[in-house]
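K.L.:
Numbering (the numbering used here), first residue to last: 12 to 473.
Before we start, here is the structure in question, set down as structure tokens.
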Amino acid sequence: MLTNFILLAQNQISPPGFLIIPFLLLIGMIAAGPIFFSHFWEHNYKKVAVALALIVLGYYLFAMQDVHMPIHTFFEYASFAVLLSSLYISAGGIYINVNARATPAMNVALVAIGAVLANVVGTTGASLLLIRPFIRLNIHRIKAYQIVFFIFIVSNAGGLLTPLGDPPLFIGFLKGVPFFWTLQHLFTPWLIAVSLLCLVFYLVDRRNKIVDFTPSPEVVSKLDERTEFYVSGKRNLFWLAIIIGAIFLDPNVIEGLPHISYDGNKFSFLREVIQLSAAFFCYRNSSKTALAGNQFSFHPILEVVFLFFGIFFTMMPALQLSAEIASAPQYAKYITPNFLYWATGSLSSFLDNAPTYANFLSLGMAKYDMAQSSVVEVRQFATGTGADPITLTLLEAISLASVLFGAFTYIGNGPNFMVKAIAESAGIKMPSFFGYVFRYSIPFLLPILIIIWYLVVELKLF
Numbered sequence: 012m013l014t015n016f017i018l019l020a021q022n023q024i025s026p027p028g029f030l031i032i033p034f035l036l037l038i039g040m041i042a043a044g045p046i047f048f049s050h051f052w053e054h055n056y057k058k059v060a061v062a063l064a065l066i067v068l069g070y071y072l073f074a075m076q077d078v079h080m081p082i083h084t085f086f087e088y089a090s091f092a093v094l095l096s097s098l099y100i101s102a103g104g105i106y107i108n109v110n111a112r113a114t115p116a117m118n119v120a121l122v123a124i125g126a127v128l129a130n131v132v133g134t135t136g137a138s139l140l141l142i143r144p145f146i147r148l149n150i151h152r153i154k155a156y157q158i159v160f161f162i163f164i165v166s167n168a169g170g171l172l173t174p175l176g177d178p179p180l181f182i183g184f185l186k187g188v189p190f191f192w193t194l195q196h197l198f199t200p201w202l203i204a205v206s207l208l209c210l211v212f213y214l215v216d217r218r219n220k221i222v223d224f225t226p227s228p229e230v231v232s233k234l235d236e237r238t239e240f241y242v243s244g245k246r247n248l249f250w251l252a253i254i255i256g257a258i259f260l261d262p263n264v265i266e267g268l269p270h271i272s273y274d275g276n277k278f279s280f281l282r283e284v285i286q287l288s289a290a291f292f293c294y295r296n297s298s299k300t301a302l303a304g305n306q307f308s309f310h311p312i313l314e315v316v317f318l319f320f321g322i323f324f325t326m327m328p329a330l331q332l333s334a335e336i337a338s339a340p341q342y343a344k345y346i347t348p349n350f351l352y353w354a355t356g357s358l359s360s361f362l363d364n365a366p367t368y369a370n371f372l373s374l375g376m377a378k379y380d381m382a383q384s385s386v387v388e389v390r391q392f393a394t395g396t397g398a399d400p401i402t403l404t405l406l407e408a409i410s411l412a413s414v415l416f417g418a419f420t421y422i423g424n425g426p427n428f429m430v431k432a433i434a435e436s437a438g439i440k441m442p443s444f445f446g447y448v449f450r451y452s453i454p455f456l457l458p459i460l461i462i463i464w465y466l467v468v469e470l471k472l473f
């Protein structure tokens, strides 16, 4: 899984500051491309993402002569891309439809179900299973804000209760955080966050009385064939279970699993082979009716795979530099729950939330001279039985921020961009990168993040 960037940062040559320019350029193009040069971006985003990634990769390999960070990043990206692709393919062959009137209450009920389901099949799995039924349910009144609240609730906040829910929490589990720690310590924050988001969604959705999405007659004819509750492609649930179950096949946790050893780390490949094989057989044997009903195509997943290839490799310098700054001894006194909540959250919004979680877990433990590589000490840090009981609050702050702030931008968490791509392939005009942030995240999500911070981290009421 994702590695400890702080340890790498301490043992490798620091990258120059200018090397974060490709990352900023890529983020800027993701934000501006669809608006100002959409034709160029649509046809060349793959080349742009790969080219910028190769520029940073080349500098690491030839100028810095650092192969460690690129190799670690490659395995992290491979695990990310394989899991996301496998889930996309398996979920694409499961057609779920609900015969119900598209009311605000029904929409809230569906995303609330998704928030619960996310803790069993992950935010990615729940998002891919429910986003198409959600769009079909609202086909005659669909608007971008509905997709955005789906991202807020199902793709992010919902997965706060178990390590299966969101990648950062799964990393914590692999490193030694007890499996039921999240359910025990984060249930009330989860309930508050999901309830508030659902309430705001309901109030906003009540004002939706204008139809501004007109699908083609072919799409309408496919999407309007409804029964009370219809599921096609149930056989894909078997393959979906295999893909999710394979997540636990980590050689760092289970001794004796085949792996690739490098630099004292064990990198999995058995897990990825199983997931890709399951995805292959799943697609080969998928119900044609389900695929047609979902208008399945590989375009959305290819967009995610290429763009995140660029993001993973161009963000290496940003992660490494931020880790070096944060781990400096003179900043130890600032390592408080408040600092960790906002620092982890800020970076999780723009630098994938999983490595950010790993960074700040290391940082919090380093303050108490605890070794993150020790499962025993990670467990002590999580349960507050280590050097200082405040470690429990530190981990709560890190966990809450990494999951909840992952919804702040399209790139904060893998499912976000996937849901956006699926919605756009269905003909829904989604907001731009900054439109998403300024029109939705700041006015709707940020106040809830502040409430969670004040009640849980500042006042420690829960």
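Ideal Cβ placement from N, Cα and C applies to all residues, glycine included.
Nothing here was measured: the structure is a model prediction, and the numbers come from that model.
Suppose you measure from the CA of Leu405 to the CA of Ala418; what does that come to, to the nearest Å?
P.N.:
If you take the alpha carbons of Leu405 and Ala418, they lie about 21 Å apart.
K.L.:
What residue from Phe191, Leu172 and Ile439 has the CA that sits closest to Phe198's CA?
P.N.:
Phe198 has its Cα closest to that of Leu172, out of Phe191, Leu172 and Ile439.
K.L.:
Under the criterion of a Cβ to heavy atom distance below 6 Å, does Phe416 qualify as lining the ligand FAD?
P.N.:
As far as ligands go, the structure on display features none, and thus does not contain the ligand FAD.
K.L.:
Quick check on this structure: which residue in Tyr273, Leu63, Phe161 and Phe280 has the alpha carbon closest to the alpha carbon of Leu35?
P.N.:
Residue Leu63 is the option with its Cα nearest to Leu35.
K.L.:
What are the boundary residues of the alpha helix (DSSP H) that includes Ser49?
P.N.:
Run containing Ser49: Ser49 to Gly69, per the alpha helix (DSSP H) assignment.
K.L.:
Could you tell me the distance, in whole angstroms, from the CA atom of Glu314 to the CA atom of Val93?
P.N.:
Looking at the two C-alpha atoms, the distance is approximately 14 Å.
K.L.:
Looking at the unbroken beta strand (DSSP E) that takes in Asn276, where does it start and where does it end?
P.N.:
Run containing Asn276: Asn276 to Ser279, per the beta strand (DSSP E) assignment.
K.L.:
Using only the alpha-carbon positions, how far apart do Leu470 and Trp464 sit?
P.N.:
Each residue's Cα considered, the two are about 8 Å apart.
K.L.:
Within this structure, are the beta carbons of Gly169 and Ala116 separated by less than 7 Å?
P.N.:
Not a contact, by the Cβ cut-off of 7 Å.
K.L.:
Which stretch, first to last residue, makes up the alpha helix (DSSP H) that contains Ser138?
P.N.:
Its alpha helix (DSSP H) spans residues Pro115 to Leu148.
K.L.:
Looking at Asn296 and Asn364, is the spacing between their C-beta atoms short of 7 Å?
P.N.:
No, they are not a contact pair.
K.L.:
Looking only at C-alpha atoms, which of Phe444, Leu202, Pro458 and Leu318 sits nearest to Asn55?
P.N.:
It is Leu318 whose Cα lies nearest to the Cα of Asn55.
K.L.:
Tell whether a beta-carbon distance below 7 Å holds between Leu415 and Leu457.
P.N.:
It is not a contact, given that the beta carbons lie outside the stated cut-off.
K.L.:
Under the three-state reduction of DSSP, which class applies to Val109: helix, strand or coil?
P.N.:
Strand at Val109.
K.L.:
So for Ile158, helix, strand or coil by DSSP?
P.N.:
Here Ile158 sits in helix by DSSP.
K.L.:
For Phe455 versus Val119, is the C-beta distance shorter than 7 Å?
P.N.:
No, they are not a contact pair.
K.L.:
Output needed for Thr560: all residues of its chain with C-beta closer than 7 Å, excluding positions within five of it in sequence on either side, in chain order.
P.N.:
The structure shown does not extend to residue 560, since the chain spans only 12 to 473, so no value can be given for it.
K.L.:
Pull up the distance between the alpha-carbon of Ser333 and that of Ser359, whole angstroms please.
P.N.:
The straight-line gap from Cα to Cα measures roughly 12 Å.
K.L.:
If you draw a straight line from the alpha carbon of Leu472 to that of Ser410, how long is it in whole angstroms?
P.N.:
Whole-angstrom Cα-Cα distance: 17 Å.
K.L.:
By how many angstroms is the C-alpha of Ile146 removed from the C-alpha of Ser206?
P.N.:
Looking at the two C-alpha atoms, the distance is approximately 22 Å.
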